[in-house]
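Participant: For reference, each letter of the sequence shown is one residue, going 2 to 387 in the working numbering. Sharing a structure with you now.
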Amino acid sequence: MKQITEYCTGCRACEQLCGKKAIRLIADKEGFLTATIDENCCVDCGLCRKRCPQNRNDLFYGAPLSTLAVRLKDEQTLYRSASGGAFAGLAAWVIRHGGVVFGVKYDEEMRAVHSSAVTLDELDSLLSSKYVQSDTENTFSEVRRFLKEERMVLYSGTGCQIGALRSFLGKDYDNLILVDLICHGVSSPLLFKRYLEFLHQRHGGKVTEYDFRDKRGGWGLGYKYKYKYKYKYGSATADPYYTYFLKGHTYRECCYNCHYAHTERAGDITIADYWGIEKYHSDFYSIKGVSLMLLNSVVGMNFWKRVEGDFEYKDSKLEYAVAGNHNLKHPTERKDEIRNHIYDGIDSMDVKEYFATRFPLHLSLMQRVKNMLPAQIKLWLKKLKK
C-alpha cells in the first residue's frame, strides 16, 4: 500500500474515480484521511494523477464579477447561521424549487460529514460552521447521479473540496451551483474526536451537539455544546481546541500551501463572514451577522438574481473583502515551533494530559473578565460599541 501524503487534501475524488477500486482514504498518524493506493490492484492508468485537483491549475474562475455584503431576511434562520445566513438562504431556495443541497452535518458519532438535504428540516443540520475537516464520503458520485436526473444541485464546501468536485465531474453543468467557503485551514477529525472525549471526561457526559458559532452574545466566535441535557456556552479564547484552530496551529499540512487562498475561486459563489464590515459599511453592520458573498461566474450571477429577494444586501468592493479575510490573499502561515509537535501523543496520551501539554491557554486578565460575562451583557456591549 502506497500512501500519498505530501499534497493530498483528502477530497476522495481519486477514490470515487478509480474503476479498479485501487484507492482508499485511510487516516494518517494525525487523523487526516489520505489517499492510499493498493499497488496490487492499480493498473497505472494515470487517471488519478490526471484528475487530482492538486495537479491542476485550471479549476479557477477569474476575479469575482461582483462583491456583496448580504444578510438573510428570515431572522430565525439568520440566528441559526454562523454569520449573515448566506448559505442558508441560497440552500433554502434550491430546496423550495425541488433541488438537492449538499453541506456538512454531524453524524450520530459527531463526525463532520458531507450529506444531502431535500427538505428544509434536513437543511437545518447543515447550518453553521464546523471547524474540523469534513468527510465528503460518496457525495461526488451522488451529485453526478442527481445532475444526470436533471435535478438542481447546490454543493457547499472548502475550496479544495469544490475544486475536487469540479475535477471529478469533468465538465460544468447549468443545474449545478458550487459554493466555496473562504477557509483558513482544517483540523483533523481525530483531534476533534479527542477534544470531545476531553469534554466528556471533564463533564461526565457525552457531547451530543456542538455549535462553534452560537449567537447568544451576538455575531462572533462564541460556542455552545450539549451534554447530559445541559448546554455549556463560552468564547473561543476560553477553549483550547477553538483557540489553537483560530491561530492556525492544527491544520492539515497542505493547508499551509493552499492552492485556493486567492481571489480567483473554484466556486460559482464564495461565502464567508464579512469581518471588518463596520469599517467600510457601518450602516449595514449588524450584531445579527453579515456575510461576504463573491459572485465568480455567470452561473453564480444568474443564480443570485433568482434568490436576491430573500436577502438584504449592499454592493461592496473586493479590496474590503480581502482586508478582512487574509485567506483571499495567502494561505495561513505555519508556525513551526507549535505545529511540529501539536499532534504528538494524540492517540497515546490521556486526553486531559494531551490538551494540558499541547494546548496551554495564556489568557490576559481582560480576556478572563470578558469570558465570565453573561451572554446578554456581551450583546449589550456590542450594541453599545456600534
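Backbone N, C-alpha and C fix where the C-beta goes; we use that ideal spot for every residue, glycine too.
How would you label I38, buried or exposed, when you count the other beta carbons within 10 angstroms and need 16 or more for buried?
Facilitator: Residue numbering aside, residue 38 sits at position 37 when the sequence shown is read from its first letter. Classification of I38: buried, given that the 10 Å Cβ count is 16 or more.
Participant: Closer than 8 Å is the cut-off here; do at least three beta carbon pairs connect the stretch 141 to 151 with the stretch 218 to 232?
Facilitator: In short, these stretches do not touch, since the Cβ pair count stays below three.
Participant: When DSSP builds the beta bridges, which residues end up paired with A322?
Facilitator: Looking up residue 322 in the sequence shown gives position 321. Looking at the DSSP assignment, A322 forms no beta bridge with any residue, so it has no partner.
Participant: What is the DSSP secondary structure of G171, counted as helix, strand or coil?
Facilitator: Looking up residue 171 in the sequence shown gives position 170. Here G171 sits in coil by DSSP.
Participant: Can you check DSSP and say which residues form a bridge with K225?
Facilitator: Indexing the sequence shown from 1 puts residue 225 at position 224. DSSP lists D212, Y234 as partners of K225.
Participant: Go to R307, then tell me how far its beta strand (DSSP E) extends in each direction, as first and last residue.
Facilitator: For this step, residue 307 is matched to residue 306 along the sequence shown. Taken as a continuous stretch (DSSP letters only), R307 belongs to no beta strand (DSSP E), being part of the alpha helix (DSSP H) at 299 to 308.
Participant: What's the gap between the Cα of G277 and the Cα of K3?
Facilitator: By one-based count along the sequence shown, residue 277 stands at place 276. By one-based count along the sequence shown, residue 3 stands at place 2. If you take the alpha carbons of G277 and K3, they lie about 45 Å apart.
Participant: Is the beta carbon of T333 sitting closer than 8 Å to the one on Y243?
Facilitator: Within the sequence shown, numbered from 1, the residue matching residue 333 stands at position 332. Within the sequence shown, numbered from 1, the residue matching residue 243 stands at position 242. The answer is no: Cβ separation not under 8 Å.
Participant: Spatial neighbours of E16 within its chain, please: C-beta separation below 8 Å, excluding the five flanking residues on both sides.
Facilitator: Along the sequence shown, one-based indexing puts residue 16 at 15. I24, R25, L26, A36, listed in sequence order.
Participant: Determine the direct distance from the alpha carbon of A113 to that of I163, and round the result to whole angstroms.
Facilitator: Against the sequence shown, residue 163 aligns to sequence position 162. Against the sequence shown, residue 113 aligns to sequence position 112. Those two C-alpha atoms are separated by around 17 Å.
Participant: Alpha carbon to alpha carbon, how far is R203 from F169? Give it in angstroms, no decimals.
Facilitator: Reading the sequence shown from its first residue, position 168 is the one you call residue 169. Reading the sequence shown from its first residue, position 202 is the one you call residue 203. Distance between the alpha carbons of F169 and R203: 43 Å.
Participant: Check the C-beta distance from S67 over to M302 and give it rounded, since I have them as a contact under 8 Å.
Facilitator: Along the sequence shown, read from residue 1 onward, the residue named residue 67 stands at position 66. Along the sequence shown, read from residue 1 onward, the residue named residue 302 stands at position 301. At roughly 7 Å, the Cβ-Cβ gap stays under 8 Å, so S67 and M302 are in contact.
Participant: Report yes if the CB atom of L197 is closer than 8 Å to the CB atom of M111, and no otherwise.
Facilitator: As a first step, residue 197 is located in the sequence shown; it is residue number 196 there, counting from the start. As a first step, residue 111 is located in the sequence shown; it is residue number 110 there, counting from the start. Cβ atoms of L197 and M111: closer than 8 Å.
Participant: Give the straight-line distance between the Cα atoms of E76 and T120, rounded to the nearest whole angstrom.
Facilitator: Residue numbering aside, residue 76 sits at position 75 when the sequence shown is read from its first letter. Residue numbering aside, residue 120 sits at position 119 when the sequence shown is read from its first letter. Looking at the two C-alpha atoms, the distance is approximately 19 Å.
Participant: Taking only three categories from DSSP, how would you classify T35?
Facilitator: Your numbering for residue 35 matches position 34 in the sequence shown. Reduced to three states, the DSSP call for T35 is strand.
Participant: Between the stretch 260 to 274 and the stretch 289 to 305, do at least 3 Cβ pairs fall closer than 8 Å?
Facilitator: The stretch 260 to 274 vs the stretch 289 to 305: in contact.
Participant: Is A70 buried or exposed, if buried means 16 or more other CB atoms sit within 10 Å of its CB?
Facilitator: Numbered from 1 along the sequence shown, position 69 holds the residue referred to as residue 70. By the 10 Å Cβ count, A70 comes out buried.
Participant: Just the C-alpha distance for L128 and R81, rounded to the nearest angstrom, thanks.
Facilitator: Here residue 128 refers to the residue found at position 127 of the sequence shown. Here residue 81 refers to the residue found at position 80 of the sequence shown. Rounded to whole angstroms, L128 to R81 spans 7 Å at the Cα level.
Participant: Can you tell me the Cα-Cα spacing of R195 and D316, whole angstroms?
Facilitator: Indexing the sequence shown from 1 puts residue 195 at position 194. Indexing the sequence shown from 1 puts residue 316 at position 315. Approximately 43 Å between the Cα atoms of the pair.
Participant: So, T159 versus D181, is the Cβ gap smaller than 8 Å?
Facilitator: As a working mapping, residue 159 is identified with position 158 in the sequence shown. As a working mapping, residue 181 is identified with position 180 in the sequence shown. Yes, they are a contact pair.
Participant: Sorry if obvious, but does the Cβ on Y234 come closer than 7 Å to a heavy atom of the ligand GTP?
Facilitator: For the ligand GTP, the structure offers nothing, since it holds no ligand at all.
Participant: Provide the residue(s) that pair with K3 in DSSP beta bridges, ordered along the chain.
Facilitator: By one-based count along the sequence shown, residue 3 stands at place 2. Paired residue(s): I38.
Participant: Under a Cβ-count criterion, where at least 16 other Cβ atoms within 10 Å of its own Cβ denotes burial, should L435 be classed as buried or exposed?
Facilitator: Absent from the model: residue 435. The displayed extent of the chain is 2 to 387, so no value can be given.
Participant: Does A262 come out as helix, strand or coil in the three-state DSSP assignment?
Facilitator: Position 261 of the sequence shown, counting from 1, holds the residue named residue 262. In this structure, A262 counts as coil in the three-state DSSP scheme.
Participant: Provide the residue span of the alpha helix (DSSP H) that contains A23, from first to last.
Facilitator: Within the sequence shown, the letter at position 22 stands for residue 23. Counting along the chain, A23 falls outside any alpha helix (DSSP H), and DSSP gives it neither H nor E.
Participant: Apart from the five residues on each side of it in sequence, which residues of its chain come closer than 6 Å, Cβ to Cβ, to F199?
Facilitator: Locating residue 199 in the sequence shown gives position 198, where the first residue counts as 1. Contacts found: V352, F356.
Participant: Note down the Cα distance separating H263 from S287, rounded to an integer number of angstroms.
Facilitator: Position 262 of the sequence shown, counted from the start, is the residue given in the question as residue 263. Position 286 of the sequence shown, counted from the start, is the residue given in the question as residue 287. Each residue's alpha carbon lies about 27 Å from the other.
Participant: If you draw a straight line from the C-alpha of H201 to the C-alpha of A93, how long is it?
Facilitator: The residue you call residue 201 lines up with position 200 of the sequence shown. The residue you call residue 93 lines up with position 92 of the sequence shown. The alpha-carbon atoms of H201 and A93 are separated by roughly 34 Å.
Participant: Would you mind sorting R214 into buried or exposed? The rule is 16 or more other CB atoms within 10 Å of its CB.
Facilitator: Stepping through the sequence shown from its first residue, residue 214 is reached at position 213. Classification of R214: buried, given that the 10 Å Cβ count is 16 or more.
Participant: Applying the 10 Å Cβ sphere with the 16-neighbour rule, what's the burial state of P361?
Facilitator: Numbered from 1 along the sequence shown, position 360 holds the residue referred to as residue 361. P361 should be labelled exposed.
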